[in-house]
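Trainee:
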Amino acid sequence: MELNRRELLVSSGGVVAASSIGGPVLAQNAPPAPRSAPEPSAPAGGVTALPDNERNISIVTLRDLEAEAQKVMIPFGFAYVSGGAGDEWTMRENLAAFNRWTILANYLSGHASVDPATTILGSKLSCPVITAPMGNQGSVHAQKEVPTVKGSTLAGTLFVESSVSQMSLEDVASASDGPKWFQIYIPESRAFAAEMLHRAKASGYKAIVLTVDAFVTSNRERSTRLHGAPVPTLPMGNVPRTPGVTGNAMMMKQNLDWADIEFCRKESGLPVIVKSILSPVQAVEAVRRGCSAVWLSNHGGRQLDNSPSAITMLPHVATALKGRVPIIVDGGVFRGQDVFRALALGASVVALGRPLLYGSALGGAQGVRSVHEHLRNELIMTMRLAGTSTINSITRDTVTRTET
Ligand SMILES: Cc1cc2nc3c(=O)[nH]c(=O)nc-3n(C[C@H](O)[C@H](O)[C@H](O)COP(=O)(O)O)c2cc1C
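Counting from 10, one number per residue, gives the positions in the sequence shown under the working numbering.
What follows is the structure in structure tokens.
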């Protein structure tokens, strides 16, 4: 999550009403978020300017990117992106969960080449990896969301625009011609929520992603230690345009419920995907309520620490949904083998988060493209060694659970 009541106050230049974690911090009459504000300041001694690179990056493994990106990112931007919530147990668990599954090789399949292309809700992808919604990219690169949206299109995949981006959703939409979804944090104001949904439809976004896990400020301690706040204090690109709708409208709705799915569907006329589901029961309910896909996520371990990884819950959700809708999964993906294991356990596509922001910091749009292409190449290698020539042939029997 990248903006809630408390952060709104910080980012709007208002007084921080309280610093309690997760409480319904309210400040009535908070001023609207400004359209421009200074970049977050970096502590003395660190990198002080946002990276503005544009270059291919040479990658051995995505695991190296974090350390490389740290050298060029402003310290607060790095803490914000790299951190998780609480003890960061869930963030580590996202990695550990993959290694409970092994891939069964099949070297005698007779396939000389493989095709990792796929589709999701009508959009063609060069590979089953899409770009996860990530807010506050103004803390990562001088061109804000431009590198990630352009880099995703260059890589032949889909970009998900966060409602708490620094650019407006219209500017993001026109930055590239690839397929895009719009991810919304539902604000208190129904008028503003409806406005954003209408604008997303008008700008060509093909689906709405409703993220439901971030109406509470989580305890992101790396950022708080460094900067005194869990998220950056950047101006928002998606501010209300409806006359009479003020900055208060941007505060997050605290009592999200199932009716919000129907609201998004009705107002946008687009397919709705609910993001941050981790339970089979809730996944089935989401489909009953009209969701066109379900997105399993714990927000990269940034919200509720000690929640399970999406990979752990995926087989249960896949069994419950019986293939009725596509499943998207994210959290801790670094390798083609991770993508393979997620698909084998029932995912239709995987979403990638932090590595793409590191790619943006290191090389702008070309850096983001490099990250996607590296992962795609590793997936191709994995598919070849596992004897699976298409995405549909990556079935449940290509992986097995380890004993440890
Ligand atoms: C810096 C950052 C900002 C994020 N902002 C959002 C957001 O605005 N909306 C959202 O639904 N998820 C957001 N997320 C969560 C991602 O969409 C995704 O669930 C998560 O990053 C996947 O884990 P990974 O980073 O390990 O790949 C954010 C994640 C990061 C790292």
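Just so it is clear, CB atoms sit at the ideal spot from N, CA and C, and this is done for glycine as well.
Measuring only the C-alpha atoms, how far is L384 from F343?
Mentor: Going from the Cα of L384 to the Cα of F343 covers about 8 Å.
Trainee: For A182, which residues in the same chain have their Cβ closer than 8 Å to its Cβ, ignoring the five residues on either side in sequence?
Mentor: The residues are E170, K189, S212, G213 and Y214.
Trainee: Just to confirm, is the Cβ distance from I270 to A302 under 9 Å?
Mentor: Contact: no.
Trainee: Run the CB neighbour count on E102, radius 10 Å, all protein chains shown included, and call it buried at 16 or more, exposed below.
Mentor: E102 is buried by the Cβ-count criterion.
Trainee: If you count every other CB in all the chains shown that lies within 10 Å of the CB of E204, and 16 or more means buried, which is it?
Mentor: Buried: at least 16 other Cβ atoms inside 10 Å.
Trainee: State the Cα-Cα distance for the pair G437 and P125, rounded to the nearest angstrom.
Mentor: This structure leaves residue 437 out entirely; the chain is present only between 10 and 413.
Trainee: Are I195 and M261 close, meaning C-beta to C-beta below 9 Å?
Mentor: Cβ atoms of I195 and M261: closer than 9 Å.
Trainee: In terms of residue numbering, what span does the beta strand (DSSP E) encompassing S425 cover?
Mentor: Only positions 10 to 413 of the chain appear in this structure, which leaves residue 425 out of reach.
Trainee: For K153, which residues from the same chain have a beta carbon less than 8 Å from its beta carbon, with the 5 sequence-adjacent residues on both sides left out?
Mentor: Result list for K153: Q146, G147, S174, Q175, M176 and G246, in chain order.
Trainee: Run the proximity test for D339: is its beta-carbon closer than 8 Å to any non-hydrogen atom belonging to ligand 3?
Mentor: Of the ligands this structure carries, namely ligand 1, none is ligand 3.
Trainee: Considering only residues of the stretch 156-210, which uninterrupted alpha helix (DSSP H) runs meet the minimum length of 4 residues and lie entirely inside it, listed in chain order?
Mentor: Fully enclosed alpha helix (DSSP H) runs of 4 or longer: 178-184.
Trainee: Between the stretch 77-91 and the stretch 53-64, do three or more beta carbon pairs fall short of 8 Å?
Mentor: Yes, they touch.
Trainee: Looking at ligand 1, does it come within less than 8 Å of H308, judged from the CB to the closest heavy atom?
Mentor: Flag set: Cβ of H308 near ligand 1.
Trainee: Specify the secondary structure class of E48 as computed by DSSP and reduced to three states.
Mentor: Annotation note: pLDDT 41 at E48 (below 50); position unreliable, no value reported.
Trainee: Please classify T99: is it buried, with 16 or more other beta-carbons within 10 angstroms of its beta-carbon, or exposed?
Mentor: So T99 ends up on the buried side.
Trainee: Leaving out five residues on either side along the sequence, give the residues of the same chain with a beta carbon under 7 Å from the beta carbon of L388.
Mentor: P125, C136, G345, V348 and F349, listed in sequence order.
Trainee: Any heavy atom of ligand 1 inside 8 Å of the beta-carbon of T328?
Mentor: Answer for T328: no, Cβ out of range of ligand 1.
Trainee: Nearest-angstrom Cα distance between R333 and S185?
Mentor: Cα to Cα, R333 sits roughly 31 Å from S185.
Trainee: Starting from D269 and walking both ways along the alpha helix (DSSP H), at which residues does that stretch end?
Mentor: Unbroken alpha helix (DSSP H) run through D269: A268 to S277.
Trainee: In chain order, what are the residue ranges of uninterrupted alpha helix (DSSP H) at least 4 long that sit wholly in the stretch 69-137?
Mentor: 74-79, 84-91 and 98-107, all fully within the stretch 69-137.
Trainee: Where do the N-terminal and C-terminal ends of the alpha helix (DSSP H) with R234 fall, by residue?
Mentor: Counting along the chain, the alpha helix (DSSP H) containing R234 begins and ends at E230 to H236.
Trainee: Beta carbon of T166, beta carbon of L130: below 9 Å?
Mentor: Going by C-beta atoms, T166 is not nearer than 9 Å to L130.
Trainee: Is it true that the stretch 301-316 meets the stretch 217-227, where meeting means three or more beta-carbon pairs spaced less than 8 Å apart?
Mentor: Judged by Cβ distances under 8 Å, the stretch 301-316 makes contact with the stretch 217-227, as three or more pairs qualify.
Trainee: How many whole angstroms separate the CB atoms of N115 and A353, which I take to be in contact at a CB cut-off of 8 Å?
Mentor: Going by Cβ atoms, the distance from N115 to A353 rounds to 13 Å, so no, they are not a contact pair.
Trainee: Using C-beta distances below 8 Å, list every residue in its chain close to S4, excluding the 5 sequence neighbours before and after it, in chain order.
Mentor: Only positions 10 to 413 of the chain appear in this structure, which leaves residue 4 out of reach.
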